[in-house]
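Numbering (the working numbering), first residue to last: 12 to 129.
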């Protein structure tokens, strides 16, 4: 069975029905035990000392089916993909007079009321 969760997805890991941490999935690979997968992930919470972990899970568990570790309920939830920002309209073309001007010269602009620094 393939997993819905893929490498580079961001997941939320719930332990005892509470969100424990967010993580980025680095790799999902077959385990030596048939039908099981190794899921390597990077924890995105700097307060948690161990940053990278590998869990051996069934594909259904990776896809969000609740399971338990030492009697404690655990659930993985894939976060939705980010929504792309609204695309801005393409910049309007400059007026032809500005396009024709290819040589730029620098000039000093004076601001009235500003004092010189001594």
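Note that CB positions come from ideal geometry on N, CA and C, so glycine has one too. In this text the structure is predicted, and so the values were computed from the model without any measurement.
The secondary-structure analysis by DSSP pairs residue 68 across a beta bridge with 48. Residue 89 is a Cβ neighbour of residue 22, given a cutoff of 8 Å. Cα atoms of residue 24 and residue 96: separation of roughly 27 Å, rounded to the nearest angstrom. Between residue 53 and residue 63, the C-beta spacing is below 8 Å.
Excluding the 5 residues flanking it on each side, residue 35 has same chain C-beta neighbours closer than 7 Å at 19, 21, 52, 53 and 55, in chain order.
Between the alpha carbons of residue 58 and residue 30 lies a distance of about 14 Å.
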